[in-house]
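Residue numbers (the working numbering), protein chains in the order written: chain U, 1 to 359; chain Z, 360 to 718.
The next block holds one structure in the form of structure tokens; read it before the comments.
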DNA sequence: AGTAAAGTAGGAAACGTTTCCGAAAATTAA
DNA sequence: TTAATTTTCGGAAACGTTTCCTACTTTACT
């Protein structure tokens, strides 16, 4: 790190920032020769004001560079026009899409979003909803990962509207929040697909059992019985976990002929390591991930995946939240689910498997 | 999209949220039998209060579930403990890392961050700075992309502290903001590397000339003269632009033997298309990108790249901003630069090039 | 023209804090 | 003890808006 010369254009010590006098609504009123209530009406288009004086006031505002104090407004009208978005980690491949979608729809409705990374750990998730009141926001969108037991309880107790982006867990019916997620288990699609293309020794490579458990359940439920040696629970959802999973499966005397990976990062890791090891995908082992992020199309082979509809889920979650805010929390809580979509790519096409005997 | 049954646990019409009475500092004071000033002292650890009464008050607060109204506090103390982070698009590969870094360091100092996507377009970048006062924030971190001409002017005019995460443009010395970026042109490293491994027809594949122009300048300046046919200006920084760039270079009678891509996304696009076209990387054409995102290690061949130190840059930008906020804008503006790092991978290793004549 | 209705405007009371300032209580010094 | 400090505390004035309520103008209608 290099510290280039400092810029001395601010050497006067205390800067403009500190000395510049704030112009308030009262200043505007005085200068325009009207009452402060009138100025308020002008800036809020609240009506009850003649076009003439309104124009005058607007001009004075322009001249003086008046900007209403947001804190004062919030104090008075009891809303901040901000919502909080709590996600596990913005660096996880699918999250940016969600964050973007939330921010865009919020902006369309005049809302800003404050970003919170929970690191997907239980304590932080709980803390976020417990302290949401201190957050200066009108509502909370949370995408849980750890799903601590008391999470729902806390959500039900808080007075600020919350909307849940729900992947990975079936939630109680009585949660006092709008919930949007997926209609069928993403994993179901993967398993059905792998079975359909004729794979018989299907493995699961995933995160710890207690995270996103629905994805593992889909595995269990799609199989008459599970061979424990074909299940690899990693530590997280990372590329490295994928590498390790591949190593593990490779070490087996009897390798799987297909792997259902908990997400694309893991799938990509697996495919990469297999390439190093000389395992052919999909000929020897088919690999399918979940999330359908851009990078599945960039590896070779390209990787089959399931789209979890992140942007649509996020957009709806945001709209439901804003609606609830608008209606002061009234109305039955919504439960909406999108249909995940399987996208088949090279890593799991049906191939004629050549038996050595036939050659 | 499926709308599962609505949850009727909120059918009473207007909900708890709307009816629950807010408990204020005054309620606490009354119940504790003290003055409201004293309660304020208790929650702010401002001293001038006996341990005994403080304990009492804290307990009452606990009982009543009192949470100070942030808007009122902000109005009074004139700060919101929030900063804004304006980036082009959170979905761009390097941004999440930056956003994460900003959020984490902000949190350490008790600040929250509100996310803004400017889409990298000039109008939105300007608007963000111009309207920052309406944003309820104590400071702004902006990562410009379009760098509209009046941006600096606006920054210099605003009274809220700003910190610039600066990739892609040399900024005037007189910018009234802390600026953190890279010490040497990232592109310089790429070009030197390509030249060193013996490439002679080096091409540039990038975004429009006016975006991140420093990266193109590095190209120009590293070459005795540039062959215009070896320069491809795409529309953006995307994977697709990479595909198109590859097509373009492939169409040349005389292909380049190396490509310096404006970023990793483009580089990945190029490598992918080349693979389809049967062009060997790096044997026929070496490819190097910039950003060093995870995905460069996931393609085959793995792609050489330059780390732009996103997390460190972002962390420092945040710390400088918070420092300036703390000091009310006083102090000389800092200019700090990190050293970018070249990471050589398969896509640009030196290879013995086999001439067909020798075989 | 006179009256009723509608349209405009301003004063002042909130909103829920923090903080200045003075008073009361507790502590120390003599 | 008494006086001089030092602590501890409460009242009340901000902070900058929105909005209720009242009063004054217009306009519309007979």
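Every residue gets a Cβ at the ideal spot worked out from N, C-alpha and C, and that includes glycine.
Only a predicted model underlies this, so the values are computations on that prediction, with no experimental measurement involved.
Leaving aside the five residues that flank residue 120 of chain U on each side, the residues in its chain whose CB is nearer than 6 Å to its CB run, in chain order, 88, 145, 146. Of all residues in the stretch 135-159 of chain U, those with a C-beta nearer than 8 Å to a C-beta of chain Z are 135, 136, 159, reading in chain order. With 16 or more other CB atoms across the displayed protein chains lying within 10 angstroms of its CB, residue 136 of chain U is buried.
Contact between the stretch 253-262 of chain U and the stretch 280-287 of chain U is established, with three or more Cβ pairs separated by less than 8 Å. Residue U:190 holds the alpha-carbon nearest to the alpha-carbon of residue 349 of chain U among U:190, U:139, U:215, U:164. Residues 446, 524 of the same chain have their beta carbon placed closer than 6 Å to that of residue 502 of chain Z, with the five preceding and five following residues left out of the count.
Residue burial annotation: residue 474 of chain Z is buried, with at least 16 other C-beta atoms found within 10 angstroms of its C-beta.
Counting along the chain, residue 537 of chain Z sits inside the beta strand (DSSP E) bounded by residues 537-541. With its beta carbon at least 9 Å from every one in chain Z, residue 291 of chain U lies outside the interface. When C-beta distances to chain U are compared with 9 Å, every residue of the stretch 555-569 of chain Z stays at or above that value.
When beta bridges are read from the DSSP output, residue 618 of chain Z appears opposite Z:562, Z:646.
Inter-segment contact for the stretch 183-198 of chain U and the stretch 309-320 of chain U is absent: fewer than three beta-carbon pairs are separated by less than 8 Å. In this structure, DSSP gives residue 135 of chain U a helical state, which the three-state scheme calls helix. Its Cα nearest to that of residue 440 of chain Z, the residue Z:682 stands out among Z:690, Z:702, Z:682, Z:697. Counting C-beta pairs with one atom in each stretch, the stretch 52-66 of chain U and the stretch 422-439 of chain Z have fewer than three that are closer than 8 Å, which means they do not touch.
Contact between residue 662 of chain Z and residue 650 of chain Z fails: their C-beta atoms lie close to 10 Å from each other, not under 8 Å. Distance from the CA of residue 398 of chain Z to the CA of residue 435 of chain Z, rounded to the nearest whole angstrom, comes to 16 Å. Judged by DSSP secondary structure, residue 398 of chain Z falls within the alpha helix (DSSP H) whose first and last residues are 395-403. In the pairwise beta carbon analysis, the stretch 527-535 of chain Z is classified as not touching the stretch 481-488 of chain Z: fewer than three pairs are separated by under 8 Å. The bridge partners DSSP lists for residue 140 of chain U are U:84, U:162. Scanning the stretch 454-488 of chain Z for uninterrupted alpha helix (DSSP H) segments of 4 residues or longer gives 454-467, listed from N- to C-terminal end. With contact defined as three or more Cβ pairs closer than 8 Å, the stretch 619-626 of chain Z and the stretch 265-275 of chain U are not in contact. Looking at the backbone, the Cα of residue 437 of chain Z and that of residue 74 of chain U are separated by about 13 Å. Per DSSP, the unbroken alpha helix (DSSP H) holding residue 73 of chain U starts and ends at 70-77.
Taking 7 Å as the upper bound on Cβ-Cβ separation, chain Z lies near residues 294, 295, 298, 299, 300 of the stretch 291-306 of chain U. Within the model, the alpha-carbon separation for residue 83 of chain U versus residue 111 of chain U is close to 7 Å.
Residue nearest to residue 251 of chain U within the set U:241, U:229, U:305, U:261 is U:229 (criterion: CA-CA distance). The beta-carbon separation of residue 522 of chain Z and residue 679 of chain Z, rounded to 5 Å, stays under the 8 Å limit for a contact. The secondary-structure analysis by DSSP pairs residue 696 of chain Z across a beta bridge with U:2, Z:540. A Cβ-Cβ separation of about 6 Å places residue 517 of chain Z in contact with residue 488 of chain Z under the 8 Å criterion. The continuous alpha helix (DSSP H) containing residue 419 of chain Z extends over residues 410-423. Three or more beta-carbon pairs separated by less than 8 Å are not found between the stretch 239-250 of chain U and the stretch 208-220 of chain U, which leaves the two stretches without contact. For residue 147 of chain U, no alpha helix (DSSP H) encloses it, and the DSSP letter there is neither H nor E. By the criterion of a C-beta distance shorter than 8 Å, residue 568 of chain Z is surrounded in its chain by 575, 592, once the five residues flanking it on both sides are discounted. A residue is called buried once 16 or more other Cβ atoms fall within 10 Å of its Cβ, and residue 96 of chain U is buried on that count. When DSSP states are grouped into helix, strand and coil, residue 663 of chain Z belongs to the strand group.
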